[in-house]
Amino acid sequence: MQREDSSEYDVSSSDSSPGKDAIFTPLFTATLSDAVKDGDTLQFTVMATRAGEENGTIVNRQFEDIEWLHHCLTTQNNVDGVIIPPLPTRPDVDARSAENKSKQQLGNDTKVLKPDDFNNDCQNVEGYLKMILNHPAFGRDVAVEKFLCDTVAPVRSKLKKGLLSKFTDAVEEVRKGGHRDIDEFFQKKREWAAEYSKIIKETSTNFDKMVHAQLRLSCSYGNLAAEVTVADGTSGPDSTKLNRIMYKFSHGLDNERRGLEMICNYGEITLGHVLDLYSRYMESVRSMLYRRTCLLLNYEEANKNFEKAKVAKRQAAEEAKIEAEKKYEECTDTARIELKSFLQQRILAFGEILTKFTELQLKSSRETYALLHNSLTTVQQLEV
Numbered sequence: 001m002q003r004e005d006s007s008e009y010d011v012s013s014s015d016s017s018p019g020k021d022a023i024f025t026p027l028f029t030a031t032l033s034d035a036v037k038d039g040d041t042l043q044f045t046v047m048a049t050r051a052g053e054e055n056g057t058i059v060n061r062q063f064e065d066i067e068w069l070h071h072c073l074t075t076q077n078n079v080d081g082v083i084i085p086p087l088p089t090r091p092d093v094d095a096r097s098a099e100n101k102s103k104q105q106l107g108n109d110t111k112v113l114k115p116d117d118f119n120n121d122c123q124n125v126e127g128y129l130k131m132i133l134n135h136p137a138f139g140r141d142v143a144v145e146k147f148l149c150d151t152v153a154p155v156r157s158k159l160k161k162g163l164l165s166k167f168t169d170a171v172e173e174v175r176k177g178g179h180r181d182i183d184e185f186f187q188k189k190r191e192w193a194a195e196y197s198k199i200i201k202e203t204s205t206n207f208d209k210m211v212h213a214q215l216r217l218s219c220s221y222g223n224l225a226a227e228v229t230v231a232d233g234t235s236g237p238d239s240t241k242l243n244r245i246m247y248k249f250s251h252g253l254d255n256e257r258r259g260l261e262m263i264c265n266y267g268e269i270t271l272g273h274v275l276d277l278y279s280r281y282m283e284s285v286r287s288m289l290y291r292r293t294c295l296l297l298n299y300e301e302a303n304k305n306f307e308k309a310k311v312a313k314r315q316a317a318e319e320a321k322i323e324a325e326k327k328y329e330e331c332t333d334t335a336r337i338e339l340k341s342f343l344q345q346r347i348l349a350f351g352e353i354l355t356k357f358t359e360l361q362l363k364s365s366r367e368t369y370a371l372l373h374n375s376l377t378t379v380q381q382l383e384v
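In the UniProt record's numbering, the protein residues as written are 1 to 384.
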């Protein structure tokens, strides 16, 4: 991971001075008990409890409901300066997506389809809801309460963003994103975010490739174990001893397969999950910094217009300048608090997950070693 300089934790600035961080208390806690496939949709069972109450509510929600909640929160609130928790990746539910995912993980020529396992999707959605509920800008929003408490999901519209709109946004980001910041703290953060975003995305991709390679190897062990089992069935004077050896060899191969699958699973739900989360989170950080840069440009433009304004238009230009300055300063104050919270949260998350990842890797390796050692001992004790 890239190590930031000490300025990362310096949140002082002459341009703005935010007050002491307020302690935010979530209004709800939420957990996901399971996810059930219903045709081409995935139904999540969400259990929510209001603070101070014992009895909670249980509702069923589709991923489209979560997308709509995200849309409402980000369009009906002022998100200037806010690092928006990233929306989870849409689950692969239909047969074609499952087949493509299996080929990506096990190889294009694989004939094995991984069975439906939506535990990771539950983990991602539950993590997203917890981040929303614990965020001061969103945790007490009425849209969140309706999502968690209403028996029937809120009516949603189809969300669609055209290719032209995405292209226009990308062009604008390139054009405005290179503008030099007047605050050195935020200039350094923009440079850091651009670099770190690339690094963590590459790290996440490479980690997935490593896990997929291990999955393909475990699949090969399984195929070899099956072939050895077929060979275990020959007849002849020495067939009994040979069959016993082949059986134990096949058993050992299958143990190695299960051990590798266990290692892959532990890797996906620990380090793989957090790398993917923060690679998407960094996009939110960059988006927040870009929104602030746009407000900075508006503020500088308003200053120029005020200086050039004639007497008849000077009052209107001054009002526009004051409004632009207010939005910029409020965004800057919020952004400073958000960055401080995010950076601390990131360090704690990686520290915790790396510890858990290491412990689970050691656990699975020891269990696999014990199984293989028993198989080897049994084979060595056979009379040949």
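For glycine and all other residues, C-beta sits at the position ideal for the given N, C-alpha and C.
I need the DSSP call for residue i, collapsed to helix, strand or coil.
i: R90; result: coil
i: V46; result: strand
i: I347; result: helix
i: D38; result: strand
i: S7; result: Low per-residue confidence applies at S7: pLDDT is 44, beneath 50, and the placement is therefore not dependable enough to give any value.
i: V59; result: strand
i: A143; result: helix
i: L69; result: helix
i: L32; result: strand
i: V155; result: coil
i: Q187; result: helix
i: K356; result: helix
i: H179; result: coil
i: D54; result: Note on residue identity: the sequence assigns Glu, not Asp, to residue 54. It is coil, neither helix nor strand.
i: D121; result: helix
i: A137; result: coil
i: residue 400; result: There is no way to answer for residue 400, as the model of the chain reaches only from 1 to 384.
Please say whether residue j and residue i have beta carbons closer to each other than 7 Å?
i: R291; j: D34; result: no
i: K201; j: S284; result: no
i: A317; j: N305; result: yes
i: I84; j: T74; result: yes
i: K248; j: V379; result: yes
i: S218; j: R190; result: no
i: A213; j: S250; result: no
i: F357; j: L271; result: yes
i: S204; j: R286; result: no
i: L371; j: N255; result: yes
i: A349; j: V274; result: yes
i: L69; j: I245; result: no
i: T49; j: N60; result: no
i: L129; j: A30; result: yes
Assign residue i to one of two classes, buried (16 or more other C-beta atoms within 10 Å of its C-beta) or exposed (fewer than that).
i: H373; result: exposed
i: Y369; result: exposed
i: A366; result: Per the sequence shown, the amino acid found at residue 366 is Arg instead of Ala. Classification of R366: exposed, given that the 10 Å Cβ count is below 16.
i: F24; result: exposed
i: R346; result: buried
i: A51; result: exposed
i: G252; result: buried
i: K321; result: buried
i: S102; result: buried
i: I263; result: buried
i: G259; result: buried
i: V311; result: exposed
i: V142; result: exposed
i: D40; result: exposed
i: V211; result: buried
i: D150; result: exposed
i: G351; result: exposed
i: S6; result: With a pLDDT of only 43 at S6, under 50, the local geometry of the prediction cannot be trusted, and the value read off the model is given with reservation. S6 is exposed by the Cβ-count criterion.
i: E319; result: exposed
i: V228; result: buried
i: V155; result: exposed
i: V144; result: buried
i: I58; result: exposed
i: R96; result: exposed
i: R180; result: exposed
Our contact map puts residue i next to residue j with C-beta atoms below 8 Å; I'd like the distance itself, whole angstroms only.
i: Q62; j: L42; result: 7 Å
i: T293; j: G177; result: 6 Å
i: D38; j: F147; result: No, D38 and F147 are not in contact; Cβ-Cβ is about 19 Å, not under 8 Å.
i: K327; j: L295; result: 5 Å
i: residue 389; j: M288; result: Given that the chain is displayed from residue 1 to residue 384, the structure contains no residue 389 and the question cannot be resolved.
i: V93; j: L32; result: Wrong, their Cβ atoms sit about 16 Å apart, outside the cutoff.
i: G139; j: L215; result: So it is not a contact: roughly 38 Å between Cβ atoms.
i: Q123; j: I269; result: 7 Å
i: P91; j: F118; result: 7 Å
For a cutoff of 7 Å on Cβ pairs, would you count residue i as touching chain B?
i: A153; result: Absent here is chain B; the protein component of the structure consists of one chain.
Going along the chain, which unbroken runs of the alpha helix (DSSP H) with 4 or more residues stay wholly within the region 215-283? Every alpha helix (DSSP H) of 4 residues or more that sits fully in the region 215-283 is shown, in chain order, as 239-267.
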